[in-house]
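Letter by letter, the sequence shown follows residues 1 to 289 in my numbering.
A short worksheet on the structure shown next.
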Amino acid sequence: MTENPSFLSSMIGELTRRKVLRTVGAYAVMVFVLLQLMDAAVEPLRLPDWIPTLVVVVLILGFPVVFVLAWFFDVTSGGIKRTHAAGLLTRSQTAGMFSFMLAATAGLGVVFYHYYSGVFEDEPAAATSSLVAQREFSAPENSIAVLPFADLSAQGDQAYFSDGIAEEILNLLAQVKGLHVAARTSSFAFREREKDIREIGRLLNVSTVLEGSIRTSGNRIRLTAQLINVADGYHIWSQSYDRELTDLFAIQDEVASAISSALVDSFAGLSENPASRTRNLAAFEAFRT
Numbered sequence: 001m002t003e004n005p006s007f008l009s010s011m012i013g014e015l016t017r018r019k020v021l022r023t024v025g026a027y028a029v030m031v032f033v034l035l036q037l038m039d040a041a042v043e044p045l046r047l048p049d050w051i052p053t054l055v056v057v058v059l060i061l062g063f064p065v066v067f068v069l070a071w072f073f074d075v076t077s078g079g080i081k082r083t084h085a086a087g088l089l090t091r092s093q094t095a096g097m098f099s100f101m102l103a104a105t106a107g108l109g110v111v112f113y114h115y116y117s118g119v120f121e122d123e124p125a126a127a128t129s130s131l132v133a134q135r136e137f138s139a140p141e142n143s144i145a146v147l148p149f150a151d152l153s154a155q156g157d158q159a160y161f162s163d164g165i166a167e168e169i170l171n172l173l174a175q176v177k178g179l180h181v182a183a184r185t186s187s188f189a190f191r192e193r194e195k196d197i198r199e200i201g202r203l204l205n206v207s208t209v210l211e212g213s214i215r216t217s218g219n220r221i222r223l224t225a226q227l228i229n230v231a232d233g234y235h236i237w238s239q240s241y242d243r244e245l246t247d248l249f250a251i252q253d254e255v256a257s258a259i260s261s262a263l264v265d266s267f268a269g270l271s272e273n274p275a276s277r278t279r280n281l282a283a284f285e286a287f288r289t
């Protein structure tokens, strides 16, 4: 029962005398600093993916090397000299201590590798897969999908107008030369819009998506339209319209024309070809029914 404490104290005493613990500790601090620097430098320097992994492996392999060198050698004012045994440990105890320390070092190395390989490999891999997905997305440059406008009115009874204005905009945009417009059936399938706007655009194979909403107060209506770039999810164009509920077709025409003009300004090679439309509320109510 007294052998283990004696062996433990002797081992710690020998490791301290040979400055092994201090040397390995200093090496661990250096490794930590180097890995932090590597983490910060990978993206700015655009280093190849295999370099961080190689650095981690080399640093891990350095642990047992540092341990062995610190055990057998000491740096003195007279240079590097071999450390003499003090007789604190027997040959068999020294062999057992070496086996234990090397196994512990290998275990720490495995933990170290898995942690930092996750830092260096998993995150860049996710970012790379995202970039690859963006590269593989090749919708026509001048293309758009018009989603059903959201009815945000207090009563929620303006769905007919929301659908009608979205369809009118879609119909007008379909007449813009050089512009690819997703079919109504396809775009209206995303009425609930539970998916991210970028995912919807990719599924519809368009480079832009038009979404919007309507709100009413008394006999006034506010319509908001937003043109979104599918590649990054950012707005290209956004506009709100406040109008009296007197001539709904006029509102539809104005909004559709404004969006069409915005597209002409945003994309090259487009030319508008507006069609004539009936402008009266009775016609719209007939369309509603």
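Cβ atoms here follow ideal geometry from the backbone N, Cα and C, with glycine treated the same way.
Which two residues bound the contiguous beta strand (DSSP E) that contains residue i?
{"i": "Q226", "result": "R220 to N229"}
{"i": "T208", "result": "T208 to S217"}
{"i": "F73", "result": "F73 to T76"}
{"i": "R82", "result": "G79 to R82"}
{"i": "S238", "result": "H235 to E244"}
{"i": "S153", "result": "Per DSSP, S153 belongs to no beta strand (DSSP E) and is neither H nor E."}
Return the CA-CA distance between residue i and residue j, expressed in angstroms with no decimal places.
{"i": "G78", "j": "A28", "result": "26 Å"}
{"i": "L204", "j": "V33", "result": "47 Å"}
{"i": "L147", "j": "V176", "result": "18 Å"}
{"i": "A183", "j": "N219", "result": "32 Å"}
{"i": "I12", "j": "A106", "result": "19 Å"}
{"i": "G96", "j": "E199", "result": "60 Å"}
{"i": "R215", "j": "S138", "result": "35 Å"}
{"i": "G233", "j": "V31", "result": "40 Å"}
{"i": "A250", "j": "Q155", "result": "23 Å"}
{"i": "L245", "j": "L223", "result": "11 Å"}
{"i": "Q252", "j": "L179", "result": "19 Å"}
{"i": "I60", "j": "M38", "result": "15 Å"}
{"i": "S153", "j": "V110", "result": "60 Å"}
{"i": "G25", "j": "V68", "result": "14 Å"}
{"i": "F100", "j": "H84", "result": "21 Å"}
{"i": "E192", "j": "T208", "result": "18 Å"}
{"i": "G164", "j": "K195", "result": "23 Å"}
{"i": "R18", "j": "F98", "result": "14 Å"}
Assign residue i to one of two classes, buried (16 or more other C-beta atoms within 10 Å of its C-beta) or exposed (fewer than that).
{"i": "L330", "result": "Residue 330 lies beyond the stretch modelled for the chain, which goes from 1 to 289, so this question has no answer here."}
{"i": "A299", "result": "Outside the modelled stretch of the chain, which goes from 1 to 289, sits residue 299, for which no answer is possible."}
{"i": "S92", "result": "exposed"}
{"i": "Q158", "result": "buried"}
{"i": "V206", "result": "buried"}
{"i": "T23", "result": "buried"}
{"i": "R82", "result": "exposed"}
{"i": "A225", "result": "buried"}
{"i": "E141", "result": "exposed"}
{"i": "F63", "result": "buried"}
{"i": "L227", "result": "buried"}
{"i": "V66", "result": "buried"}
Considering residue i, what are the terminal residues of the alpha helix (DSSP H) in which it resides?
{"i": "E199", "result": "I197 to L204"}
{"i": "S162", "result": "A159 to L173"}
{"i": "V318", "result": "Missing from the structure shown is residue 318; the chain here goes from 1 to 289 and no further."}
{"i": "R143", "result": "According to the sequence as given, residue 143 is Ser; it is not Arg. Note, S143: premise wrong, no alpha helix (DSSP H); beta strand (DSSP E) at S143 to V146."}
{"i": "F190", "result": "Neither: F190 is in no alpha helix (DSSP H) and is coded neither H nor E."}
So residue i and residue j are supposed to be a Cβ contact under 8 Å. How far apart are they, rounded?
{"i": "F149", "j": "A166", "result": "5 Å"}
{"i": "I144", "j": "A256", "result": "About 12 Å; that fails the 8 Å criterion."}
{"i": "V230", "j": "G212", "result": "In fact, because the Cβ distance is near 16 Å, the residues do not count as touching under 8 Å."}
The ligand NAP and residue i: does the residue's C-beta get closer than 8 Å to at least one heavy atom of that ligand?
{"i": "A182", "result": "Among the components modelled here there is no ligand, and therefore nothing to report on the ligand NAP."}
Could one say the Cβ of residue i lies closer than 9 Å to chain D's Cβ atoms, at least one of them?
{"i": "R198", "result": "Of the protein chains in this structure there is only one, and it is not chain D."}
Inter-stretch contact at 8 Å, needing at least 3 Cβ pairs: the stretch 229 to 244 / the stretch 182 to 195:
no
Count the C-beta pairs between the stretch 40 to 47 and the stretch 66 to 85 that are closer than 8 Å, then say yes if the count reaches three, no if not.
no
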